[in-house]
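Positions 15 to 83 (my numbering) are the ones given, in order, by the sequence shown.
Beta carbons are placed, not taken as given, at the ideal position from N, Cα and C, and that holds for glycine.
So the structure is just underneath, and the comments pick up after that.
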Amino acid sequence: MYSFHRDQASLDIYFERAKIAYERVFERLGIAGDTYYTLSDGAPYAKYGYEFQTALSIGEDLSYVCDEC
């Protein structure tokens, strides 16, 4: 997702609002319990290197979930 902001504070506010909006979508779709907020590879230098991943029986990714974290 790309966005433009005047300063870091407005970016931080936008980021949290966008995250909450996505979480609401997952709730409405009934997949919130199987959706994880994860660190995204490819952007280790960025503060916002995150993504949502939903555990499904199909797909191309292999994800490990720690139930103790």
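>> Assuming contact is defined by CB atoms lying nearer than 8 Å, are E65 and S54 in contact in what I supplied?
In response: Counting from 1 along the sequence shown, the entry for residue 65 is found at position 51. Counting from 1 along the sequence shown, the entry for residue 54 is found at position 40. With respect to S54, E65 sits close: the two C-beta atoms are nearer than 8 Å.
>> By DSSP's criteria, F66 is part of a beta bridge. Which residues make up the other side?
In response: Sequence index remark: in the sequence shown, residue 66 carries index 52 (1-based). F66 pairs with Y51.
>> Just to confirm the assignment, what range does the alpha helix (DSSP H) spanning R42 have?
In response: On the sequence shown, position 28 is the one that residue 42 refers to. Residues Q22 to L43.
> If you draw a straight line from the C-alpha of D48 to the C-alpha of S71, how long is it?
Replying inline: For the purposes of this step, residue 48 is taken as the residue at position 34 of the sequence shown. For the purposes of this step, residue 71 is taken as the residue at position 57 of the sequence shown. Their Cα atoms are separated by approximately 11 Å.
>> Less than 8 Å between the beta carbons of E37 and A46, yes or no?
In response: Within the sequence shown, the letter at position 23 stands for residue 37. Within the sequence shown, the letter at position 32 stands for residue 46. Cβ distance < 8 Å, so E37 and A46 count as in contact.
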